Amino acid sequence: MTGLDVVIGLLGLVAVGAALMVAVTRQLVHAALWLVVCLAAVAGCFLVLTAEFLAWVQVLIYVGAIVVILLFGLMLTRAPIGPVTDLSRPRRLLAGTVAVAVGAVIVTALLMAFGGATIDLSGAPQGDATTTGTVIFRAWVLPFEIISLLLLSALVGAIALSRASGDEVDS
Amino acid sequence: MHLAVPLVIASALFAIGVYAVLARRNAVLVLMGVELMLNAVNLLLVAFDVYLRDTLHTGQALTLFVITIAAAEIGLGLAIVLAVFRGSATIDLDLLRTLADHDDGPDHDGPDLDAPDADEDHDTTIGRQAQRSGSPP
Chain A
97 MTGLDVVIGL LGLVAVGAAL MVAVTRQLVH AALWLVVCLA AVAGCFLVLT
147 AEFLAWVQVL IYVGAIVVIL LFGLMLTRAP IGPVTDLSRP RRLLAGTVAV
197 AVGAVIVTAL LMAFGGATID LSGAPQGDAT TTGTVIFRAW VLPFEIISLL
247 LLSALVGAIA LSRASGDEVD S
Chain B
183 MHLAVPLVIA SALFAIGVYA VLARRNAVLV LMGVELMLNA VNLLLVAFDV
233 YLRDTLHTGQ ALTLFVITIA AAEIGLGLAI VLAVFRGSAT IDLDLLRTLA
283 DHDDGPDHDG PDLDAPDADE DHDTTIGRQA QRSGSPP
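So this is what it looks like as structure tokens:
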């Protein structure tokens with residue numbers, strides 16, 4: 097039990113608590129804001145695991161872009177401000193049972209396989225910008241280019257979806 | 183540092199994401215649940231990358247790709263959600279039953295396949311949804 101264990105444990109508690117609030121809160125906009133807390137705590141976990149570059153990418157893309165897009169989506173679909181009672185399905189007990197079962201299976205499998213393992217964090221950071229950049233542009237350059245094509249096509253598809261419905265309204 | 187700590191955190195995040203996807207009725211909240219699950223996977227990938235001291239850094243490269251795919255997915259997903267909202271004025275997943283079997287069953291008068299009938303059927307479906315959303319749960 098070292099200091100790093102305590103730090104990542106506290107960050108994990110924050111992440112799990114914020115994720116629970118995302119899953120059960122009755123206010124739509126608060127769910128998006130709790131998601132910010134959860135994603136920032138996961139970025140902190142990345143920092144503890146010495147993956148600096150990924151931590152800042154997580155803050156930039158998830159907190160900076162994805163949550164803002166989600167907030168736009170909430171506003172454009174006229175999300176009500178204030179508590180809403182019927183945000184969850186009536187069968188949430190069944191959903192909770194399934195979720196607990198999934199989590200139990202995953203955590204049992206992982207702990208049976210890697211329960212006593214320790215991470216050696218001494219030495220150079222595993223994921224600073226130099227290391228990650230070198231690896232991405234040497235070994236992973238082809239998947240990187242393919243993923244940029246996928247991102248481009250997804251953006252074009254999103255624009256096409258929005259425009260098609262807009263034309264129907266106009267005609 | 184123990185590897186078990188990030189593993190437990192990632193499992194809990196994934197389970198909460200599964201619950202959010204299954205239990206939420208608002209489509210945007212379901213997308214948030216998907217984001218939680220993707221984050222759990224990211225945390226696992228980074229933890230195992232650091233644990234294995236992989237020289238190719240497979241875990242971190244895959245995490246970058248997962249983040250990119252999540253951005254693409256959220257963009258497309260919200261475009262679809264907005265298109266659905268324009269079409270039927272609700273994103274409540276329990277009310278969007280246009281693709282499901284209707285309650286009145288097969289004894290519907292005439293085939294629905296020609297265009298005007300299909301349009302009328304669409305309108306009545308929207309009317310039924312508005313009726314349902316107006317009634318108390």
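Same order as they appear, the protein sequences are chains A and B.
Residue numbering for the first sequence follows this note's numbering, beginning at 97 and increasing consecutively.
Residue numbering for the second sequence follows this note's numbering, beginning at 183 and increasing consecutively.
Built from N, CA and C at the ideal position, the CB exists for glycine as well.
Bear in mind that the values here come from a model prediction, so they are computed numbers and not experimental data.
Taking the Cα positions, Leu217(A) is about 20 Å away from Leu244(B). Interface with chain B (8 Å Cβ-Cβ cutoff): Ala191(A) is included. When only Cα atoms are considered, Leu189(A) and Arg279(B) end up about 23 Å apart.
Listed along chain B, the residues sitting closer than 8 Å to Ile165(A) by beta-carbon distance are Ile256, Gly257 and Leu260. Classified as exposed, Thr98(A) has fewer than 16 neighbouring CB atoms from the shown chains inside 10 Å of its CB. With three or more CB-CB distances shorter than 8 Å, the stretch 133-148 of chain A counts as touching the stretch 102-111 of chain A.
By alpha-carbon distance to Leu156(A), the top candidate from Asp236(B), Ala205(B), Thr240(B) and Ile249(B) is Ile249(B). Taking C-beta atoms under 8 Å as the contact rule, Val231(A) and Leu258(B) fail to qualify, at a distance of about 28 Å.
It is roughly 30 Å from the alpha-carbon of His184(B) to the alpha-carbon of Val120(A).
Nearest C-alpha to Ala115(A) among Gly269(B), Asp231(B), Val210(B) and Ile191(B): Ile191(B). By the neighbour-count criterion, in which 16 or more other beta carbons inside 10 Å mark a residue as buried, Ala128(A) falls on the buried side. Between the stretch 202-222 of chain B and the stretch 205-216 of chain A there are fewer than three inter-stretch CB-CB distances shorter than 8 Å, so the stretches are not counted as touching. According to DSSP, Thr230(A) shares a beta bridge with no other residue. Of the candidates Ala197(A), Asp182(A) and Arg174(A), the residue whose Cα lies closest to the Cα of Arg268(B) is Arg174(A).
The Cβ-Cβ distance between Pro188(B) and Ala229(B) falls below 8 Å. When Cβ pairs closer than 8 Å are counted between the two stretches, the stretch 187-202 of chain A is seen to touch the stretch 198-208 of chain B, the count reaching three or more. What Arg206(B) touches in chain A, judged by beta-carbon distance under 8 Å, is Ala119, Leu183, Ser184 and Arg185, going in chain order. If you draw a straight line from the Cα of Gly212(A) to the Cα of Trp152(A), it comes to about 30 Å. For secondary structure counted as the alpha helix (DSSP H) over 4 or more consecutive residues, the stretch 147-222 of chain A holds these complete runs in sequence order: 148-153, 163-172 and 188-210.
The C-alpha of Asp276(B) is placed about 10 Å away from the C-alpha of Pro186(A). Of all residues in the stretch 121-137 of chain A, only Leu124, Ala127, Ala128, Leu131, Cys134 and Leu135 place a beta-carbon less than 8 Å from a beta-carbon of chain B.
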